[in-house]
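If you're matching positions, the sequence shown starts at 213 in my numbering and goes up one per residue. For each residue, glycine too, the CB sits at the ideal point set by N, CA and C. From a predicted model like this one, the values you see are computed outputs, not experimental measurements. What follows is a short report on a single structure.
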Amino acid sequence: MAAQLPGGFSPVQAAHKRIQVVAEQAKPKLEELLRREFTIFEVVTFTDRYNDMMKEDCVKIKVDGDKVLLVYLEEAAVMTFPPQVNLLSYIPDAPADCELNEFIEELMKLRK
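Encoded structure:
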């Protein structure tokens, strides 16, 4: 049987819970930054086609001329907590793995 932590959580479940809490705390800050610094087209919620319980908030922002960049708030927020997330799908020139502050620095380079 897998190791249990207080509260009946396995270490993996506990790590996921911590990631979720960190993401919930970081998400509003990230969204506020995007609203302040970028032209936002819309905030959309995508539902995973394989699992309708999986929903992700995504902000469409205008960058560099007519380009539109999608920022997945949940995944960007999770970068405040290890393991690091691959960012190549978000920002073309971002390093492959980076923390939230690095992600924001890269994002700021794309400002209108």
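Within 7 Å, strictly: CB atoms of K239 and L282: Counted from its first residue, the sequence shown places residue 239 at position 27. Counted from its first residue, the sequence shown places residue 282 at position 70. No; because the gap between Cβ atoms is not below 7 Å, this pair is not in contact.
task: Would you mind working out which of Q237, D269, I273, F315 sits nearest R248, comparing C-alpha positions?
output: In the sequence shown, the residue the question calls residue 248 occupies position 36. Cα-wise, what sits closest to R248 is I273.
Integer-rounded CB distance, given that L245 should sit under 8 Å from I252: In the sequence shown, residue 252 corresponds to position 40, counting from 1. In the sequence shown, residue 245 corresponds to position 33, counting from 1. With 8 Å as the limit, I252 and L245 do not qualify as a contact, their Cβ atoms being about 11 Å apart.
field: In DSSP terms, what L282 is bridged to
entry: Along the sequence shown, one-based indexing puts residue 282 at 70. Beta-bridge pairing links L282 to K272.
query: Taking DSSP as the reference, what is the three-state secondary structure of F253?
result: Start at 1 with the first residue of the sequence shown, and residue 253 comes out as number 41. Strand.
message: Does V256 pass the burial test, meaning 16 or more other C-beta atoms within 10 Å, or should it be called exposed?
response: Counting from one through the sequence shown, the residue named residue 256 turns up at place 44. So V256 counts as exposed.
task: Put L322 into one of helix, strand or coil per three-state DSSP.
output: On the sequence shown, position 110 is the one that residue 322 refers to. Residue state, collapsed to three classes: coil.
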